[in-house]
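With the first letter of the sequence shown counted as 1, position 420 gets the number 423 in our numbering; the numbers rise by one all the way through.
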Amino acid sequence: MDGLLAAKENGKRQWMYPLVRKGRFYKWRSWLSYFYLIFFFAGPFLRINGQPLLLLNVIDRQFVLLGQVFWPQDIFLFMLASLVFLVCVVIFTIAFGRIFCGWICPQTIFMEMVFRKIEIWIEGDANKRKKLDAGAWTREKIIKKTAKHALFVLVSFLIANTFLAYIIGSESLVKIIVEPVTAHWVGFISIWVFTIVFYLIYSQVRELVCTLICPYGRLQSVLIDEHTLVVAYDDVRGEPRGKLSRNADPFNLKGDCVDCSLCVAVCPTGIDIRKGTQIECINCTACIDACDQVMDKIGKPRNLIGYFSENMIRLKEKPSFTGRMMGYTAVITVLVAVLGYFIFSRSDMDITVMRSAGMLYQQQPGGYISNIYNAEIINKTNQDRVIRIGADDPAVKISYIQAPGPVAKGGSAKTVFFVMLPASKIYAAKTTIKLNLLLGGKVVQSVKTNFIAPTND
């Protein structure tokens with residue numbers, strides 16, 4: 004069996020029972036997964052300058068990355084960062100194919116390094132699991148299935164809580180857990196909705212996430228070329244394949260592949276890597292470890308299946324940095340530089356000033372002309388701030404109608420004020436003035452606006 008739908012001839016789903024072979028790549032993937040899992044579960048509780056390491060609070064429109072707070076006003080940075088990420092994905096895929104899926108993708112890590120291990124621990128290896136599923140509902144089967152799915156629900160519950168903590172923050176999550184359910188109905192329901200979703204993904208949907216749902220496999224088929232490193236079978240060396248026999252092969256007509264099909268048996272998506280690069284292949288390297296073990300047993304060199312490009316197999320060329328990769332690298336270098344500039348030059352405070360609609364100017368005592376302005380001050384820091392508005396020109400006076408109070412951390416405040424200029428200093432109907440946002444007497448942001456007045460002929 005192989006194919007995109009992993010289906011039997013009668014149209015029903017073909018359930019996967021992949022064998023596990025622990026080779027060098029499995030060991031490296033395991034260590035990487037341990038690091039990832041520790042980071043994933045600890046992430047919501049790590050703090051940088053009092054802020055979470057990562058927070059994607061869509062509800063309150065607050066985003067935190069490495070302790071830096073971002074707000075909807077930073078949408079330009081978000082779009083630029085998304086563009087950088089997209090180009091990175093393109094370059095990475097061109098160079099290394101779908102290696103992300105096999106090594107870093109959360110779906111693969113949780114499925115193969117957590118849920119699959121639980122399944123093997125309780126039900127046994129692939130053959131035992133297949134026999135158990137095909138057998139009658141005995142006492143042993145009921146106990147094993149109950150234990151497995153109970154652990155699946157428990158792990159899904161932990162993942163759901165952690166996932167929600169990345170959205171609402173660890174403090175809000177703790178409140179949902181320790182305070183009465185009636186005080187946090189939405190949060191409580193959200194936890195269980197996510198729990199059910201993750202449970203269904205890892206107990207039922209499984210590899211179909213990679214083969215049917217995730218678009219990255221289709222993106223790979225568009226981006227890879229003859230220079231891309233992918234998990235591949237060296238058919239030049241392996242073909243024609245043939246079973247091992249006691250009779251020698253005096254004319255050396257057979258390739259190194261002994262047609263044991265172990266590479267198919269270990270594949271979590273059920274493909275035959277010997278048929279070439281396929282959209283279902285997630286580059287998990289399970290087939291490499293399995294084939295290496297077979298090659299060791301028959302005294303043949305390893306890497307019959309390995310990380311190869313098409314040209315490495317056909318032309319025996321070494322991996323190269325192609326012109327297309329150079330072009331994408333140049334683009335991403337420019338984008339990263341621009342993104343870095345905007346991030347590091349980003350102000351912690353922001354102000355938007357607009358003249359009051361429908362009003363021109365007012366004559367004030369003492370020979371002054373005034374305009375009324377509305378301003379919104381945004382505090383992008385993690386501390387409450389007390390600010391005021393000033394001007395460079397000492398002749399400019401500012402009088403508040405609605406004075407701004409302390410601006411809460413991550414919040415905003417509105418103010419309404421008069422800007423007054425001496426009539427003797429006005430020489431045009433429209434004058435550009437500069438207003439400053441002051442924090443502790445220091446200018447943190449400046450903005451220019453128009454001042455309307457009668458001309459001083």
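Ideal Cβ placement from N, Cα and C applies to all residues, glycine included.
Neighbourhood of residue i by C-beta distance below 7 Å, restricted to the same chain and skipping five residues each side
i, result
"residue 416", "380, 407, 408, 410"
"residue 4", "Caution is warranted here: a pLDDT of 44 is assigned to residue 4, below 50, making its placement in the model unreliable, and the coordinate value is therefore given only provisionally. Closer than 7 Å at Cβ, skipping near neighbours: 17, 273."
"residue 425", "370, 371, 398"
"residue 206", "152, 155"
"residue 217", "none"
"residue 64", "74, 75"
"residue 303", "259"
Distance between residue j and residue i (C-alpha atoms, nearest Å)
i, j, result
"residue 106", "residue 31", "9 Å"
"residue 70", "residue 159", "28 Å"
"residue 247", "residue 286", "28 Å"
"residue 143", "residue 123", "15 Å"
"residue 427", "residue 371", "8 Å"
"residue 284", "residue 102", "10 Å"
"residue 390", "residue 451", "18 Å"
"residue 202", "residue 301", "42 Å"
"residue 145", "residue 131", "15 Å"
"residue 20", "residue 129", "5 Å"
"residue 442", "residue 347", "19 Å"
"residue 353", "residue 414", "11 Å"
"residue 1", "residue 119", "Nothing about residue 1 can be reported from this structure: the residues present for the chain run from 4 to 460 only."
"residue 78", "residue 121", "42 Å"
"residue 315", "residue 299", "22 Å"
"residue 211", "residue 276", "18 Å"
"residue 421", "residue 384", "27 Å"
"residue 282", "residue 225", "10 Å"
"residue 137", "residue 150", "18 Å"
"residue 15", "residue 133", "16 Å"
"residue 289", "residue 412", "49 Å"
Residue i classed as buried or exposed, judged by whether at least 16 other C-beta atoms fall within 10 angstroms
i, result
"residue 223", "buried"
"residue 440", "buried"
"residue 36", "buried"
"residue 446", "exposed"
"residue 293", "buried"
"residue 449", "exposed"
"residue 271", "buried"
"residue 444", "exposed"
"residue 204", "buried"
"residue 51", "exposed"
"residue 345", "exposed"
"residue 343", "exposed"
Residues near residue i in its chain [Cβ-Cβ closer than 8 Å; skip 5 each side]
i, result
"residue 165", "43, 44, 46, 47"
"residue 327", "97, 228"
"residue 341", "83"
"residue 187", "178, 179"
Residue of the options minimising C-alpha distance to residue i
i, options, result
"residue 18", "80, 135, 57, 63", "135"
"residue 199", "389, 155, 216, 233", "155"
"residue 453", "77, 22, 342, 376", "376"
"residue 269", "15, 23, 16", "23"
"residue 355", "382, 369, 230", "382"
"residue 232", "280, 162, 305", "280"
"residue 362", "92, 455, 84, 110", "455"
"residue 28", "291, 314, 444, 330", "291"
"residue 305", "264, 237, 262", "237"
"residue 364", "433, 319, 347", "433"
"residue 357", "374, 299, 197", "374"
"residue 360", "387, 368, 419, 141", "419"
"residue 331", "88, 289, 183, 150", "88"
"residue 39", "396, 117, 183", "117"
8 Å Cβ cutoff met for residue i and residue j
i, j, result
"residue 227", "residue 97", "yes"
"residue 58", "residue 172", "yes"
"residue 61", "residue 170", "yes"
"residue 392", "residue 404", "no"
"residue 54", "residue 67", "yes"
"residue 394", "residue 436", "yes"
"residue 335", "residue 90", "yes"
"residue 213", "residue 104", "yes"
"residue 240", "residue 307", "yes"
"residue 194", "residue 179", "yes"
"residue 209", "residue 114", "yes"
"residue 350", "residue 230", "no"
"residue 258", "residue 243", "yes"
"residue 168", "residue 197", "no"
"residue 174", "residue 147", "no"
"residue 297", "residue 261", "yes"
"residue 338", "residue 86", "yes"
"residue 386", "residue 423", "no"
Own chain residues within Cβ distance below 6 Å of residue i, not counting five before or after
i, result
"residue 95", "none"
"residue 25", "none"
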